[in-house]
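Take the sequence shown: its letters are residues 144 to 209, numbered as in the numbering used here.
By construction, the Cβ of each residue, glycine as well, lies at the ideal position given by its N, Cα and C atoms.
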Amino acid sequence: MSIAAVLIARIRSRERVMANIARRNPDTFRTNQYYSSLNSAVIAYRGELSQLEGAGATRDEFVLNH
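Written out as structure tokens, the structure reads:
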């Protein structure tokens, strides 16, 4: 499994848990510490995925141009 696939799976998993927390606690989910930590993880994973995709694009451009 590629690094990108692992990151995507982690993002989806955490987003499902976040959705469940929000559904069960619609008035207070934003103050839930676990929800906040999951949200931080999703943001970090998305950043890593963006960097990974950017690095892949740069490598592909280098190969095509040389």
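Helix, strand or coil: which one does DSSP assign to D203? Here D203 scores only 48 on pLDDT, less than 50, and its place in the model is too uncertain to base an answer on.
Nearest to L181 (by Cα), restricted to the options V149, A148 and S156 = S156
Under a Cβ-count criterion, where at least 16 other Cβ atoms within 10 Å of its own Cβ denotes burial, should M161 be classed as buried or exposed?
-> buried
* To do: Go to N168, then tell me how far its alpha helix (DSSP H) extends in each direction, as first and last residue.
  => Note, N168: premise wrong, no alpha helix (DSSP H); not H, not E.
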